[in-house]
Amino acid sequence: MARSEIYLGVDVGGTKIHAGLVSQTKVIKQIRVATGVNQGRPAVINNIKKTISELNSSQVKGIGVSIAGSISADRGSVLFSPNLPKNFKNVPLGKILKKTFKKEIRIENDANCFTLGEAIFGAGKKYDNVVGLTLGTGVGSGWVMNSKIYSGAQHLATELGHTTIVDHGIECNCGQKGHLEIYASGSGMIKLYKLVAGKKADAYEIEKKAKRKDRQATQVFHIMQEALAVGLANIINGLNPGIVVLGGGLIRVPLFWRPAIALARKKLIYQPSKRIPIVKGKLGENAAVLGATLLFKQ
Numbered sequence: 259m260a261r262s263e264i265y266l267g268v269d270v271g272g273t274k275i276h277a278g279l280v281s282q283t284k285v286i287k288q289i290r291v292a293t294g295v296n297q298g299r300p301a302v303i304n305n306i307k308k309t310i311s312e313l314n315s316s317q318v319k320g321i322g323v324s325i326a327g328s329i330s331a332d333r334g335s336v337l338f339s340p341n342l343p344k345n346f347k348n349v350p351l352g353k354i355l356k357k358t359f360k361k362e363i364r365i366e367n368d369a370n371c372f373t374l375g376e377a378i379f380g381a382g383k384k385y386d387n388v389v390g391l392t393l394g395t396g397v398g399s400g401w402v403m404n405s406k407i408y409s410g411a412q413h414l415a416t417e418l419g420h421t422t423i424v425d426h427g428i429e430c431n432c433g434q435k436g437h438l439e440i441y442a443s444g445s446g447m448i449k450l451y452k453l454v455a456g457k458k459a460d461a462y463e464i465e466k467k468a469k470r471k472d473r474q475a476t477q478v479f480h481i482m483q484e485a486l487a488v489g490l491a492n493i494i495n496g497l498n499p500g501i502v503v504l505g506g507g508l509i510r511v512p513l514f515w516r517p518a519i520a521l522a523r524k525k526l527i528y529q530p531s532k533r534i535p536i537v538k539g540k541l542g543e544n545a546a547v548l549g550a551t552l553l554f555k556q
């Protein structure tokens, strides 16, 4: 980005909307507003507009939006998002925002934005081939080659969270069975604990129990570590990236992902692959915001 260029990045999550003004490589001002999912689709759209209005000015050249789910980047539409109201389908968000703010709008999947941000400004900036994996409520992923998001023929590529790692395994949030997402995510942790312990607990409780070496919570973490290791090994064996960058809410739980990295290296078939870095992202919550503004350079 040129020195005078300012873009606005917006990351729409299930609980909050995080927006930031970006100049060159830095977020110079940012705010967070509640998404208001329980209030329905119109409220979510209004809250997105409200967030943008707080930061918008004549200096802003364009607005990039990051949202989880299936996105038609070409049309600027949200086809489906698991974090938003059920009727938030086929929403022409780009047109809606362009009509309101009279600026160019770009919309992209949040994991793609995370990966793009880390590839250009973060942990992957020294590499031409970067895979990002976000470990949160679900598992998202992106693949950036030569500073460009790889989208596939139908803009549906790199759904690595929906690769099968356990044949006939637990049912995933998408309805299929044995996917990486249900074994290496926050929602998966809760489901696994209920299966192992026969009782409910939230992710924070399970993490605390695992730290205290509770037998059942430890078993859950071992299942998750093995699953993530298989997923990481599949990514590296299949795609041979220069680096794999990890992010998402579960990145704050190193007890989960650090052992998985060591396990993954044992599953790699080529010696050079064992040297491919698997690292925590450097940009934190700003990764998707920064990545959203970089959509104007795609």
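Going letter by letter, the sequence shown gives residues 259 to 556 in this note's numbering. Here a beta-carbon is modelled for each residue, glycine too, at the ideal position from N, C-alpha and C. Just so you know, these numbers come straight off a predicted model, no measurement behind them.
Of the residues assessed, residue 341 falls on the buried side of the cut-off, its CB having 16 or more other CB atoms within 10 angstroms. Judged by DSSP in its simplified three-state form, residue 316 adopts coil rather than helix or strand. Using a C-beta cut-off of 8 Å, the region 525 to 544 makes no contact with the region 423 to 436, since fewer than three inter-stretch Cβ pairs fall below that distance. Annotation for residue 526: 491, 494, 495, 532 place their beta carbon closer than 7 Å to its own, counting only its chain and skipping 5 residues before and after.
Spanning the alpha carbons of residue 462 and residue 314 requires a straight line of approximately 36 Å. Counting C-beta pairs closer than 8 Å gives three or more between the region 271 to 282 and the region 300 to 309, which meets the contact rule. Residue pairing by DSSP places residue 292 opposite 274 in a beta bridge.
Put simply, the region 497 to 517 touches the region 386 to 400. At least three CB pairs are less than 8 Å apart. Under DSSP, the beta-bridge partners assigned to residue 269 are 276, 324. A residue is called buried once 16 or more other Cβ atoms fall within 10 Å of its Cβ, and residue 529, having fewer, is exposed. In this structure residue 317 touches residue 264 by the C-beta definition: roughly 5 Å separates them, less than 8 Å.
Between residue 478 and residue 454, the gap from beta carbon to beta carbon is short of 9 Å. DSSP places residue 416 outside both helix and strand once states are collapsed to three, so it counts as coil. Spatial neighbours of residue 439 in its own chain (CB-CB distance under 7 Å, excluding positions within 5 residues in sequence) are listed in chain order as 396, 397, 419, 420, 430, 431, 446. Under DSSP, residue 433 forms no beta bridge with any residue. Per DSSP, residue 502 is one residue of the beta strand (DSSP E) stretching across 501 to 505. For residue 473, no beta strand (DSSP E) segment is defined; the enclosing uninterrupted segment is the alpha helix (DSSP H) at 473 to 497.
Taking all protein chains shown into account, residue 449 has 16 or more neighbouring C-beta atoms within 10 Å of its C-beta and is therefore buried.
9 Å or more divides the Cβ of residue 520 from the Cβ of residue 482. Along the length of the region 325 to 367, whole alpha helix (DSSP H) runs at least 4 residues long occupy 351 to 359, reported in chain order. The region 458 to 473 makes no contact with the region 343 to 355; the number of CB pairs closer than 8 Å stays below 3. Bridge partners of residue 387 according to DSSP: 403. Excluding residues up to 5 positions away in sequence, 436, 437 lie with their Cβ nearer than 7 Å to the Cβ of residue 422 in the same chain. Looking at 393, 367, 433, 434, the one whose alpha-carbon comes closest to that of residue 402 is 367.
In the structure shown, residue 428 adopts coil according to DSSP, grouped into three states. In the DSSP assignment, residue 531 forms no beta bridge with any residue. Per the DSSP secondary-structure output, residue 537 pairs in a beta bridge with 503.
Per DSSP, reduced to three states, the secondary structure at residue 393 is strand.
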